[in-house]
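A.B. asks:
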Amino acid sequence: MCLILSQYCLVSLKVTSSYRLIERVCKNYPKAFKVVIGDALYLNEKIFKLLDAHHKKTIAVLKEERRQLFEEANKLSLLSKPKIYQDKKTTYRVWDHTISGCWDGYDKNVRVIVSEETTTKRVHAKDGKGWEQKSQVSNWMWVTNLLDDSMGDLKNTVRICHSRWQIENKCFRRNSKYLEGRSYLQA
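Shown next as structure tokens:
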């Protein structure tokens, strides 16, 4: 019980801190950015409303915590055909839905993008005598209030949604190498 409470407090504290930071950045640097891309923590009606008030758009990862949006997107995906495309060794099946009335506290339409991504890799065969193809499937869902095509086609939108990971991983890798180097210098 205590662990859950402290996790809840940490999440609540992160959202509050993020809200204040976004508010200051929007006020002091109104032209610095147009879109905020964040993880599921930023799928919060207060953050979406704040960014709306500053004429900014938001993209956030959708997880099962937002049960109504999640279920509605899955149901709509069963009723429609995906856009299918290939990029290098990954095949994308992408659905794009506009959903209204499924998010308490945020009364505007949102766009839910569902992406099923199958990446095929060549790996050593289990018998050690050759190669075999192995496929790995990843499922992603994002919510955005960016309803027009200002980011380009759906393929480009999915690429932008994934860019958060590339930026985050690159920064963490660079910082961990920097900190590792500093600890060697201090020793």
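In my numbering, the protein residues as written are 7 to 193.
Note that CB positions come from ideal geometry on N, CA and C, so glycine has one too.
For clarity, every value in this text was computed on a predicted model and none was experimentally measured.
Considering only residues of the same chain and omitting the five flanking positions on each side of A79, which have a CB-CB separation below 8 Å?
C.D. replies: Along the sequence shown, read from residue 1 onward, the residue named residue 79 stands at position 73. Here the set comprises L68, W101, H103, I105, V118, V120, M147.
A.B. asks: For M157, I'd like the list of residues in its chain whose CB is within less than 7 Å of its CB, leaving aside the five on either flank, ordered along the chain.
C.D. replies: In the sequence shown, the residue the question calls residue 157 occupies position 151. So the qualifying residues of the chain are T163, I166.
A.B. asks: Tell me the residue span of the beta strand (DSSP E) that contains R128.
C.D. replies: In the sequence shown, residue 128 corresponds to position 122, counting from 1. Run containing R128: 116-130, per the beta strand (DSSP E) assignment.
A.B. asks: Use the C-beta contact count for R26: other C-beta atoms within 10 angstroms, 16 or more gives buried, fewer gives exposed.
C.D. replies: Position 20 of the sequence shown, counting from 1, holds the residue named residue 26. Exposed: under 16 other Cβ atoms inside 10 Å.
A.B. asks: Where does H103 fall in DSSP's three states?
C.D. replies: Residue 103 sits at position 97 when you count from the first residue of the sequence shown. Looking at H103 - three-state DSSP - the assignment turns out to be strand.
A.B. asks: What are the start and end residues of the beta strand (DSSP E) that includes N145?
C.D. replies: On the sequence shown, position 139 is the one that residue 145 refers to. Element bounds for N145: 137-150.
A.B. asks: Is D58 helix, strand or coil by DSSP?
C.D. replies: Here residue 58 corresponds to residue number 52 of the sequence shown, with the count starting at 1. If DSSP states are grouped into helix, strand and coil, D58 belongs with the helices.
A.B. asks: Looking at L49: is its Cβ nearer than 8 Å to the Cβ of V149?
C.D. replies: Taking the sequence shown and counting its residues from 1, one reaches residue 49 at position 43. Taking the sequence shown and counting its residues from 1, one reaches residue 149 at position 143. Contact: yes.
A.B. asks: Note down the Cα distance separating K87 from K81, rounded to an integer number of angstroms.
C.D. replies: By one-based count along the sequence shown, residue 87 stands at place 81. By one-based count along the sequence shown, residue 81 stands at place 75. Whole-angstrom Cα-Cα distance: 12 Å.
A.B. asks: Under a three-way DSSP split, which group does Y25 fall into?
C.D. replies: Stepping through the sequence shown from its first residue, residue 25 is reached at position 19. Looking at Y25 - three-state DSSP - the assignment turns out to be helix.
A.B. asks: Identify which residue in S23, K63, A46, V129 has its Cα closest to the Cα of P36.
C.D. replies: Within the sequence shown, numbered from 1, the residue matching residue 36 stands at position 30. Residue K63 is the option with its Cα nearest to P36.
A.B. asks: Which residues does DSSP pair with A66 in a beta bridge?
C.D. replies: Locating residue 66 in the sequence shown gives position 60, counting from the first residue. According to DSSP, which records beta bridges pairwise, A66 is partnered with G44, V149.
A.B. asks: Exposed or buried, which one is K20 when buried takes at least 16 other CB atoms within 10 Å?
C.D. replies: Within the sequence shown, residue 20 is the residue found at index 14, counting from 1. K20 comes out exposed.
A.B. asks: Specify, as a first and last residue, the run of the alpha helix (DSSP H) that K81 falls within.
C.D. replies: Taking the sequence shown and counting its residues from 1, one reaches residue 81 at position 75. Where K81 is concerned, the enclosing alpha helix (DSSP H) stretches over 73-85.
A.B. asks: Tell me K95's beta-bridge partners as DSSP assigns them.
C.D. replies: Start at 1 with the first residue of the sequence shown, and residue 95 comes out as number 89. BP columns for K95 are empty, so no partner.
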